[in-house]
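Start counting the sequence shown at -18; every next residue gets the next number (my numbering). Step one of this worksheet: look at the structure below.
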Amino acid sequence: TTGTFGAGAITGTKFVDTVYAAGNTGTAINLDLANGSVQTMTLTGNTTITLTGASATASTGSSVVLILTNDATPSRTIAFAGGTFIYPSGAVSRTTTAAAIDVWYFFTPDQGTTWYVSIPQKDMS
């Protein structure tokens, strides 16, 4: 699908991305951007998620959307590794109830040294 935006200034095509199902988290999981920019996983224990695979090219940003589903056990904890993580207002609050779904967004402008993190869609269960 192609389309023209504005007064003919930009012509583009439809963007489509494959969703990568990472499965259950366990206690540690690698969130590799090479698997795709949309990934899903189910939180099955207290876990550390390490982000990898950001572009190694200077002046190139990388991003990933993570659809994180809680299993039947509430209040599981998560931590992130693989860079410095910056959240809106210094903190981010996720949904911890059983079977809840949060949609996370991660963006790095500097090859994974710094990650800007938000939860644009929360408690989607």
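Backbone N, C-alpha and C fix where the C-beta goes; we use that ideal spot for every residue, glycine too. None of these values were measured; they are calculated from a predicted model.
Exercise for the section: Determine the extent of the beta strand (DSSP E) in which TYR97 is found, giving its start and end residues. Expected result: Counting along the chain, the beta strand (DSSP E) containing TYR97 begins and ends at 95 to 102.
Practice task
Using alpha carbons as the reference points, say which of ALA81, LEU32, LEU49 lies closest to PRO55.
Solution key: Nearest to PRO55 by C-alpha distance, out of ALA81, LEU32, LEU49, is ALA81.
Practice task
Verify whether the separation of the beta carbon atoms of THR77 and LYS103 is less than 9 Å.
Solution key: Not in contact: THR77 and LYS103 (Cβ atoms no closer than 9 Å).
Handout entry: CA-to-CA distance, THR23 to ILE59, given in whole angstroms
Key = One alpha carbon belongs to ILE59, the other to THR23, and they sit about 12 Å apart.
Practice task
Keeping to the same chain, check which residues put their C-beta closer than 6 Å to that of LEU47; ignore five residues upstream and five downstream.
Solution key: So the qualifying residues of the chain are GLN20, TRP85.
Handout entry: Terminal residues of the beta strand (DSSP E) in which THR(-1) lies
Key = For THR(-1), there is no enclosing beta strand (DSSP E), as DSSP gives it neither H nor E.
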